[in-house]
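Peer 1: For what it's worth, the working numbering labels the leading residue of the sequence shown as 100, then goes sequentially.
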Amino acid sequence: MRRQRPFPGLLLCVAYVVFLSGCGGGDDLPTLHQLNGTVTHNGKPVSGIIIVFTPLSGGRPSYGNVDEQGTFSMAFTNDAAGVTAGQNIVTLMQPNPNPDTPPLTPEMRALFDKYGEGKSSLKVNVDSDKNDFELVLD
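#1: According to DSSP, is Asp-231 part of a helix, a strand, or is it coil?
#2: Which value, in whole angstroms, describes the spacing of the CA atoms of Thr-139 and Glu-233?
#3: Tell me whether Cys-112 is buried or exposed, calling it buried when 16 or more other Cβ atoms sit within 10 Å of its Cβ.
#4: Can you tell me the Cβ-Cβ gap for Leu-128 and Asn-230, rounded? I've got them flagged as a contact below 8 Å.
#5: Can you list the alpha helix (DSSP H) stretches of 4 or more residues lying completely in the stretch 167–236, in chain order?
#6: Would you check if the stretch 184–199 and the stretch 136–151 touch, i.e. whether three or more CB-CB distances between them fall below 8 Å?
#7: Per the contact definition of three or more C-beta pairs closer than 8 Å, is the stretch 217–224 in contact with the stretch 178–189?
#8: What is the rounded straight-line gap between the Cα of Gly-163 and the Cα of Phe-171?
#9: Check the C-beta distance from Val-165 over to Met-173 and give it rounded, since I have them as a contact under 8 Å.
#10: Return the chain-ordered list of same chain residues with a C-beta closer than 7 Å to the C-beta of Val-235, the five sequence neighbours on each side being excluded.
#11: Taking the alpha carbon of Ala-184 as the point to measure from, which residue in Asn-177, Asp-226, Ser-156 and Asn-141 has its own alpha carbon closest?
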């Protein structure tokens, strides 16, 4: 005779509740503001990069992929758009390279040397009054 486990459904329910409790509850999000913008250098759009806004007060950064026109929209998580309110430092990141990724031009290498992680001094204040940013990289 096979012995039946007591409450197998209960264990499954408990595991499901524990799983859901760790799935990014909205109550833990900081104040976020929608943010879109453009990135230019020498009057031309910069493309193929990732813009990162990191709050100076600490916490999770927001990311935005820059398209061929130099435009971006920031995301805090996969489910939450926006950037943490307050002062943010702006940095550039390269997308993950693949075999088809062309090498960086000297001009792009210079931008990463100036605005890359740990190097950038470009700061912006994010508030509810300004949702469109023009980032002019010199």
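Ideal Cβ positions, reconstructed from N, Cα and C, are used throughout, including at glycine.
Here the structure is a predicted model, which is why all the values come from computation and not from measurement.
Peer 2: A quick look at the data gives this:
#1: One-based indexing of the sequence shown puts residue 231 at position 132. Three-state result, Asp-231: strand.
#2: Here the question's residue 139 lines up with position 40 in the sequence shown. Here the question's residue 233 lines up with position 134 in the sequence shown. Rounded to whole angstroms, Thr-139 to Glu-233 spans 8 Å at the Cα level.
#3: Reading the sequence shown from its first residue, position 13 is the one you call residue 112. Legend: pLDDT at Cys-112 = 33, less than 50; position of this residue unreliable, no value from coordinates given.
#4: Within the sequence shown, the letter at position 29 stands for residue 128. Within the sequence shown, the letter at position 131 stands for residue 230. About 17 Å separates the two Cβ atoms, so there is no contact after all.
#5: Segments of the alpha helix (DSSP H) lying fully in the stretch 167–236: 205–214.
#6: Touching, yes.
#7: yes
#8: The residue you call residue 163 lines up with position 64 of the sequence shown. The residue you call residue 171 lines up with position 72 of the sequence shown. For Gly-163 and Phe-171, the distance between alpha carbons rounds to 6 Å.
#9: Mapped onto the sequence shown, residue 165 falls at position 66. Mapped onto the sequence shown, residue 173 falls at position 74. Actually they are not in contact, since the Cβ atoms of Val-165 and Met-173 sit about 11 Å apart, beyond 8 Å.
#10: If you number the sequence shown from 1, residue 235 lands on position 136. Excluding positions up to five away in sequence, the list reads Thr-139.
#11: In the sequence shown, counting from the first residue as 1, residue 184 sits at position 85. A check of alpha carbon separations from Ala-184 across Asn-177, Asp-226, Ser-156 and Asn-141 identifies Asp-226 as the nearest.
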